[in-house]
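Visitor:
Residue numbers (the numbering used here): 1 to 145.
Below you can see the structure in the form of structure tokens.
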């Protein structure tokens, strides 16, 4: 009988103590989660920015190739990117279909800057800050890079 009462007491004590977490335990778990987020968060954001830069470089490369095809067909580079969508009057060999379906935007939702210098096309994205210049993640990305 003694064993039964004692074992029942321990059983009830263990069950009661495991039913809920204390406020201290919850605070410790939250502190650990916050610490992990503060250590991992900047790396995730950095990778996201890095992937956007890579995406823009690929877009610029593809747009440059499309401009080269236009040059092969027409004998000159267009003054504006819209010539890739609609046939300019001074191009006889413009393809039967547009060169692109629409003028792309960079990874930050901005239009690319297109310039024609010395009959050489230059495509620029102003980057994350959407302004000319900048450094690191906010630097301009150009077809001349």
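Yeah, the Cβ is synthetic: ideal placement off N, Cα and C, and Gly gets one too.
1) So, for residue 69: in the same chain, excluding its five sequence neighbours on each side, which residues have a beta-carbon less than 7 Å away from its beta-carbon?
2) Distance, Cα to Cα, residue 74 vs residue 83?
3) Ordered along the chain, which non-local residues of its own chain (more than five positions away) have a Cβ less than 8 Å from that of residue 87?
4) Can you say whether residue 217 is buried or exposed, counting buried as having 16 or more other CB atoms within 10 angstroms of its CB?
5) State the CB to CB distance for the pair residue 141 and residue 56, rounded to an integer number of angstroms; the pair is presumed to be in contact (CB under 8 Å).
6) For residue 30, does the count of other Cβ atoms within 10 angstroms reach 16, so buried, or fall short, so exposed?
7) Among the residues of its own chain, which have a CB less than 8 Å from the CB of residue 102, if the five just before and after it don't count?
8) Nearest to residue 121 by alpha carbon, out of 65, 58, 40, 133?
9) Could you have a look at residue 71 and say whether DSSP puts it in helix, strand or coil?
10) Taking buried to mean at least 16 other C-beta atoms within 10 Å of its own C-beta, is residue 96 buried or exposed?
11) The beta strand (DSSP E) that contains residue 78, what's its start and end?
12) Quick check: residue 60 and residue 143, are their CB atoms within less than 8 Å of each other?
13) For residue 124, count the other beta carbons within 10 Å of its own beta carbon; 16 or more makes it buried, fewer makes it exposed. Which is it?
Guide: Walking through what the data contain:
1) Counting only Cβ-Cβ distances below 7 Å, and skipping sequence neighbours, we find 99.
2) Going by the C-alpha atoms only, they are around 11 Å apart.
3) Sequence-distant Cβ neighbours of residue 87 in its own chain, meaning closer than 8 Å and more than five residues away, are 94.
4) As shown, the chain starts at 1 and ends at 145. That puts residue 217 outside it, with no answer to give.
5) About 5 Å separates the beta carbon of residue 141 from that of residue 56, a gap short enough to meet the 8 Å contact definition.
6) Classification for residue 30: exposed.
7) Setting aside the 5 residues that flank it on each side, residue 102 is surrounded in the same chain by 85, each with a C-beta closer than 8 Å to its C-beta; the list follows chain order.
8) Nearest neighbour of residue 121 by Cα position, chosen from 65, 58, 40, 133, turns out to be 65.
9) Look at residue 71 here: in three-state DSSP terms it is helix.
10) Looking at its Cβ environment, which holds fewer than 16 other Cβ atoms inside 10 Å, residue 96 is exposed.
11) Segment: none, residue 78 is in no beta strand (DSSP E) and carries neither H nor E.
12) For residue 60 and residue 143, yes; Cβs fall inside 8 Å.
13) Its Cβ being crowded by 16 or more others within 10 Å, residue 124 is buried.
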